[in-house]
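Peer 1: Numbering (the UniProt record's numbering), first residue to last: 1 to 521.
(1) Just to confirm my understanding: we take residue 296, look at its own chain, exclude 5 residues before and 5 after, and list those with CB closer than 6 Å. What are they?
(2) So, helix, strand or coil for residue 438, using DSSP?
(3) Apart from the five residues just before and just after residue 447, which ones in its own chain have a Cβ nearer than 6 Å to its Cβ?
(4) Give a yes or no on whether the C-beta atoms belonging to residue 478 and residue 368 are separated by under 7 Å.
(5) Would the stretch 325-340 count as touching the stretch 443-462 if we require 3 or more Cβ pairs under 8 Å?
(6) I need the straight-line Cα distance from residue 61 to residue 224, nearest angstrom please.
(7) Using a 10 Å radius around the Cβ and a threshold of 16 neighbouring Cβ atoms, would you call residue 320 buried or exposed?
(8) Looking only at its chain, what residues have a beta carbon closer than 8 Å to the beta carbon of residue 283, apart from the 5 residues adjacent to it on each side?
(9) If you drop the 5 nearest sequence neighbours on each side, which residues of the same chain put their C-beta closer than 7 Å to that of residue 33?
(10) Is residue 353 closer than 7 Å to residue 407 when the C-beta atoms are compared?
(11) Can you list, in chain order, the residues of its chain whose CB lies under 7 Å from that of residue 365, leaving out five sequence neighbours each side?
(12) Tell me whether residue 218 is buried or exposed, calling it buried when 16 or more other Cβ atoms sit within 10 Å of its Cβ.
(13) For residue 433, list the residues DSSP reports as bridge partners.
(14) For residue 509 and residue 356, I'd like the C-alpha separation in whole angstroms.
(15) Do residue 326 and residue 314 have their C-beta atoms closer together than 7 Å?
(16) Could you check whether residue 194 and residue 170 sit closer than 7 Å to each other, using their CB atoms as the reference points?
(17) Among the residues of its own chain, which have a CB less than 6 Å from the CB of residue 429, if the five just before and after it don't count?
(18) What is the DSSP secondary structure of residue 522, counted as helix, strand or coil?
(19) Note the first and the last residue of the continuous alpha helix (DSSP H) segment covering residue 40.
(20) What residue range is occupied by the uninterrupted beta strand (DSSP E) comprising residue 308?
(21) The beta strand (DSSP E) that contains residue 464, what's its start and end?
(22) Along the alpha helix (DSSP H) that carries residue 256, what are the first and last residues, could you check?
(23) Nearest to residue 475 by CA position, among 344, 71, 84, 455, is which residue?
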């Protein structure tokens with residue numbers, strides 16, 4: 001063994017114990033957990049302990065024996081804690097470890113007091129080392145079997161090799177094959193085997209540990225991907241992920257089915273491509289709002305691949321990590337919107353003629369009076385009542401009467417402007433509201449009369465109802481309003497009175513309610 005210089009070999013071993021954990025620390029920079037910190041930190045402590053052992057005779061005895069062995073003991077405890085954390089086993093309490101370390105050093109020092117017991121010191125050290133390393137190998141083996149990791153099994157085999165080498169030293173010193181020297185690190189076959197086998201074992205454990213962490217990260221990534229797919233594919237709502245420009249990154253089947261586009265097609269598109277009521281600028285505006293608030297919810301309309309329009313409610317969350325992306329949940333509210341529209345129709349529209357009903361007319365009349373007063377314009381109410389409608393209902397039945405009312409509604413609508421309102425007031429009564437007439441009363445009266453005459457002409461045409469032709473006329477009462485001086489009820493009463501004046505004067509005509517001046521001829 002003259003060519004084998006043990007202190008130099010141990011110096012090399014100690015330096016490697018410094019270097020390898022440092023490399024491992026930087027390789028696993030993105031995965032630093034407590035277990036990884038313990039693993040890398042323990043290697044550095046072991047390196048310091050081995051260096052102190054290599055410098056026996058050049059450093060104080062307290063640094064060579066109690067401190068160096070305490071560092072080695074700390075290395076083993078931290079490795080065990082790291083493996084227990086990876087196994088999800090409750091780690092040992094640190095106070096217990098501290099007590100065990102104190103006991104270890106006290107026993108070591110009591111044996112070392114007599115320099116003749118150096119052999120017993122080595123046997124004691126290596127016995128403790130063998131037991132703890134072998135326990136570490138059992139943890140690594142369990143870790144490999146439980147996590148199905150080949151890398152963890154390599155760690156277990158490397159630890160078993162290290163435990164075997166330590167056991168060889170125990171046997172060598174116990175049987176007198178080797179004897180320690182008090183002032184220098186001795187060179188003997190047992191030390192030679194420890195260094196020769198310790199170097200590859202140390203390298204293997206660090207490489208295997210890096211492999212284990214990367215395996216675990218890859219496995220967790222796959223499991224997270226499976227969980228992610230399971231969650232988004234089982235939700236009934238459409239789900240997609242978009243980049244900062246609104247481009248699709250991913251989408252679930254529900255979203256593809258909702259829009260009619262396949263995933264491959266969506267990945268080449270942007271949200272603005274399927275938004276019916278939006279464009280690229282509108283999409284960017286929504287994106288900026290979501291970035292500022294972190295979350296956004298709004299309603300929109302999608303145009304499917306087949307041209308069908310969908311009413312949707314969009315809930316989106318901004319994820320700033322990385323390049324930034326948006327998680328978008330899309331709920332189809334087409335049926336809800338249709339139901340709301342039906343409720344609105346029932347509440348504000350006549351189901352037979354689809355015209356606004358009394359409630360909606362009164363609401364619009366209230367607003368029209370405000371606008372007339374503000375704009376200094378006139379408005380007019382035309383109260384229309386069909387002549388002899390009851391006779392038709394009694395002789396031909398309500399079905400024919402309903403057909404007549406529908407045709408009357410169409411003809412009245414055709415005789416007014418888009419800005420005006422025609423409503424079915426009830427039975428055979430209709431009310432037309434004219435807005436934006438001239439501010440001058442005479443001019444406004446002429447405008448209202450012209451529209452009223454047009455309505456009478458339209459209603460005087462023959463009606464064809466399922467093979468039966470019918471003639472029907474109407475009487476119209478008109479009153480003007482300018483937004484003040486009369487209430488809504490007063491206006492309706494005045495128009496109603498004027499309508500009865502028209503009936504009294506022979507029907508099929510119109511009359512104005514005006515107590516101060518006669519209507520224009």
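All residues carry an ideal CB built from backbone N, CA and C; glycine is no exception.
Peer 2: Checking against the coordinates, here is how it stands:
(1) 289, 290, 316
(2) coil
(3) Cβ neighbours of residue 447 beyond the five flanking positions: 437.
(4) no
(5) no
(6) In a straight line, the C-alpha of residue 61 is about 54 Å away from that of residue 224.
(7) Residue 320 is exposed by the Cβ-count criterion.
(8) 246, 270, 271, 272, 275
(9) none
(10) Cβ atoms of residue 407 and residue 353: not closer than 7 Å.
(11) Exclusion of the five residues before and after residue 365 leaves 433, 488 as the residues of its chain whose Cβ lies within less than 7 Å of its Cβ.
(12) By the neighbour-count criterion, in which 16 or more other beta carbons inside 10 Å mark a residue as buried, residue 218 falls on the exposed side.
(13) 381, 421
(14) 24 Å
(15) No; because the gap between Cβ atoms is not below 7 Å, this pair is not in contact.
(16) no
(17) Within the same chain, Cβ atoms closer than 6 Å to the Cβ of residue 429 are found at 385, the five residues on either side in sequence being excluded.
(18) Any answer about residue 522 is impossible in this case: the structure gives the chain only from 1 up to 521.
(19) 34-54
(20) Where residue 308 is concerned, there is no enclosing beta strand (DSSP E), because DSSP gives it neither an H nor an E.
(21) Residues 463-465.
(22) 253-259
(23) 455
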